[in-house]
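In the order they appear, the protein sequences are chains A and B.
Sequential numbering of the first sequence, starting at 1, is according to full-length UniProt numbering.
Sequential numbering of the second sequence, starting at 1, is according to full-length UniProt numbering.
Beta carbons are placed, not taken as given, at the ideal position from N, Cα and C, and that holds for glycine.
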Amino acid sequence: MCLAIPGQIHEVLAAENLAVVDVLGVRRQIGTDLLLDDPPVKGDWVLVHVGFAMSKISEKDAQEQIELLRMLGEAAESRDEVSSSAQDPQAEPDDATDSRGEPTP
Amino acid sequence: MKFVDEFRDADLIRRAAREIHKLATKDRTYRIMEICGGHTHSIFRFGLADLLPENVELIHGPGCPVCVLPKGRMDEGLEMAEDPNVILTTFGDMMRVPGSKGSPLESKARGVSVRMVYSPLDALKIAKENPEREVIFFAIGFETTAPSTALTLRQARAQGISNFAVYCNHVLVMPALRALLDDPAMRLDAFIGPGHVSTVIGCRPYEFIARDYRRPVVISGFEPSDLLQSIVMILRQLNAEEPSIENQYRRSVPQEGNRAALAVMEEVFEVRDTFEWRGLGLIPKSAMKLREAYAPWDAEARVGIKGLRVLDPEGAQCGEVLTGRTKPHECRLFGHDCTPETPVGALMVSSEGACAAQYRYGRRPNALT
């Protein structure tokens, strides 16, 4: 839970402080409120922790950290966690769309 | 050197390991605590302890939020979920942590509404979708995670979502470190500082450790080469007897921390007078609660909390392991009564817990040599 996962900004949404990121192949909407000092643009790499971007990182650092997650055997686990609401049998149907990154109003 | 060879920076790792052997003078021991559970996991996974000389010992610290949550708080959280109108939401790490009457997962199996979420924002979304239900987010975590809860609460308030509440169990790193340092039984020489917590709080809050307690702190990244480099920096400080706060993880940790994160925490939370930590007991000013302005979204204010304190199961030595007094495998229950499949304590549940890491990786002989 404490590990932050690198993700790449796919789209900065018009809505305040929201963006869609690619995290290990999963697309999801995240909050960018914590990057106020240096707002992200499409293509930037960020560290994502429980649904919010914590900081920007270089592409090199991002790739190294993804590699580390793989070696820790946590890449799949992290991906599942990011899209967990889609896998919860009790979840509402539109949770599934959310985890694929469809922006919700 | 099987595991070392998997790395691009295998040479860097070997060089750092050689440097550590050179720096560790034979006439003393070096007891270094890694505070963060993520570091603990990395250390076990890559067998880093096997690369160190015998007199350099790594002690696994209390930086796993699931592991330090006392059982009483877990019980009170699960009690809230017994109300059929409530949907209790929490992180995946929490689902298998045993309370007195079972884990959240077991509550769920009994038909209680417990849902796993990845983000507090997901919990808020569930509240919006279920206006007739009360949605409670069981929040845990250090300063890394607390800003996300704070931002979610700010949204709930701005959008006037009244069926959402937070059961706040956010804790603070510094008071726990101070409690460890004030414990006369503690024999720690230095700390490997947490990476992601420091991304939020910066380097300044650690200064008292070098100034008042004369112990080095090196804030570290998570890769094996980061951790070994941090140990090199610590040994240099200890040998020179010049303790200071150094930042090995400069690429992610700014000196001043994250301004927006600190501001939203300040807006939403205030420090509690005291809070119980598993293994460490009551620590003054070591946790956060919601400010008065957020009382309508405070699950504790809504349901009333009894302040239950529940002892660890007999025989379990979770507290001693958490404070570095006992190694995971030295616990009487380790590997027999307590395993990742049948956990007695939280340290065996979370992947960041020292016991789970030791169980999973620790018994592989000499992973790195």
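Per DSSP, the bridge partner or partners of residue i
{"i": "B/C36", "result": "B/G63"}
{"i": "B/M288", "result": "B/V271"}
{"i": "B/G102", "result": "B/G99"}
{"i": "B/E134", "result": "B/V86"}
{"i": "B/I140", "result": "B/N169"}
{"i": "A/Q8", "result": "A/D22 and A/W45"}
{"i": "A/V82", "result": "A/V82 pairs with nothing; no bridge assigned."}
{"i": "B/V117", "result": "B/F91"}
Proximity below 7 angstroms, CB of residue i to CB of residue j
{"i": "B/S351", "j": "A/V50", "result": "no"}
{"i": "B/S156", "j": "B/L124", "result": "For the sequence presented, residue 156 of chain B should be read as Ala rather than Ser. In this structure, B/L124 lies closer than 7 angstroms to B/A156 by Cβ."}
{"i": "B/I234", "j": "B/V253", "result": "no"}
{"i": "B/C318", "j": "B/G281", "result": "no"}
{"i": "B/N85", "j": "B/R133", "result": "yes"}
{"i": "B/L88", "j": "B/I136", "result": "yes"}
{"i": "B/A316", "j": "B/V349", "result": "no"}
{"i": "B/S100", "j": "B/D122", "result": "no"}
{"i": "B/P328", "j": "B/A354", "result": "yes"}
{"i": "B/A127", "j": "B/N163", "result": "yes"}
{"i": "B/C203", "j": "B/Q237", "result": "no"}
{"i": "A/M54", "j": "A/A4", "result": "yes"}
{"i": "B/F299", "j": "B/A109", "result": "Residue identity check: residue 299 of chain B is Ala in the sequence provided, not Phe. Cβ distance not < 7 angstroms, so B/A299 and B/A109 don't count as in contact."}
{"i": "B/R291", "j": "B/E266", "result": "no"}
{"i": "B/Y359", "j": "B/F44", "result": "no"}
{"i": "A/L24", "j": "A/A62", "result": "no"}
{"i": "B/A190", "j": "B/P224", "result": "no"}
{"i": "B/V268", "j": "B/L188", "result": "no"}
{"i": "B/G77", "j": "B/V310", "result": "no"}
Three-state secondary structure (DSSP) of residue i
{"i": "A/T97", "result": "Only weak support exists for where A/T97 lies, its pLDDT of 36 falling under 50; the coordinates are left without a value."}
{"i": "B/K128", "result": "helix"}
{"i": "B/D27", "result": "coil"}
{"i": "B/E54", "result": "coil"}
{"i": "B/E300", "result": "helix"}
{"i": "B/P365", "result": "The predicted model places B/P365 with a pLDDT of 41, which falls under 50 and marks its position as unreliable, so this point remains unresolved."}
{"i": "A/P89", "result": "The predicted position of A/P89 is uncertain, since its pLDDT is 41 and thus under 50; a value taken from the coordinates is nonetheless stated next. Residue state, collapsed to three classes: coil."}
{"i": "B/C338", "result": "strand"}
{"i": "B/F46", "result": "coil"}
{"i": "A/E16", "result": "coil"}
{"i": "B/V112", "result": "coil"}
{"i": "A/G31", "result": "strand"}
{"i": "residue 371 of chain B", "result": "With chain B represented from 1 up to 369, any question about residue 371 of chain B goes unanswered, as that position is not in the structure."}
{"i": "B/A316", "result": "coil"}
{"i": "A/E77", "result": "helix"}
{"i": "B/S351", "result": "coil"}
{"i": "B/G77", "result": "helix"}
{"i": "B/P147", "result": "helix"}
{"i": "B/V68", "result": "helix"}
{"i": "B/D9", "result": "coil"}
{"i": "residue 434 of chain B", "result": "Given a span of 1 to 369 for chain B in the structure shown, any question on residue 434 of chain B remains unanswerable."}
{"i": "A/L69", "result": "helix"}
{"i": "B/V321", "result": "helix"}
{"i": "B/A346", "result": "helix"}
{"i": "B/R360", "result": "helix"}
{"i": "A/E102", "result": "At A/E102 the pLDDT is 38, less than 50, meaning the model places this residue with poor confidence; the figure from the coordinates comes in the next sentence. If DSSP states are grouped into helix, strand and coil, A/E102 belongs with coil."}
Within-7 angstroms CB hit, residue i to chain C
{"i": "A/V82", "result": "Judged by its chain identifiers, the structure shown contains no chain C, and its protein chains are A and B."}
What runs of the beta strand (DSSP E), each 3 residues or longer, lie entirely inside the segment 207-283 of chain B?
Counting only runs of 3 or more, we get 217-219, 245-247, 269-271 and 274-277.
Please list the segments of the beta strand (DSSP E) lying wholly inside the segment 151-208 of chain B, counting only runs of 3 or more residues, in order along the chain.
Fully enclosed beta strand (DSSP E) runs of 3 or longer: 164-170 and 190-193.
Taking only runs that begin and end inside the segment 33-63 of chain A, name each unbroken beta strand (DSSP E) of 3 or more residues, in chain order.
Within the segment 33-63 of chain A, the complete beta strand (DSSP E) runs of at least 3 residues are 45-49 and 52-57.
Can we say the segment 36-52 of chain B touches the segment 193-202 of chain B, given the rule of at least three CB pairs closer than 8 angstroms?
Short answer: they touch.
Do three or more CB pairs link the segment 240-256 of chain B to the segment 206-223 of chain B at distances below 8 angstroms?
Yes: at least three Cβ pairs fall under 8 angstroms.
For the segment 42-57 of chain A against the segment 15-24 of chain A, are there 3 or more C-beta pairs whose distance is under 8 angstroms?
The segment 42-57 of chain A vs the segment 15-24 of chain A: in contact.
I'd like to know if the segment 104-114 of chain B and the segment 76-95 of chain B are in contact, where contact means that at least 3 CB-CB pairs between them fall below 8 angstroms.
Yes, the segment 104-114 of chain B touches the segment 76-95 of chain B.
With three or more C-beta pairs closer than 8 angstroms as the rule, is the segment 24-31 of chain B touching the segment 48-64 of chain B?
Segments in contact, yes.
For the segment 321-340 of chain B against the segment 56-70 of chain B, are there 3 or more C-beta pairs whose distance is under 8 angstroms?
Output reads yes: the segment 56-70 of chain B touches the segment 321-340 of chain B.
Closer than 8 angstroms is the cut-off here; do at least three beta carbon pairs connect the segment 223-237 of chain B with the segment 167-179 of chain B?
They do not touch, by the three-pair rule.
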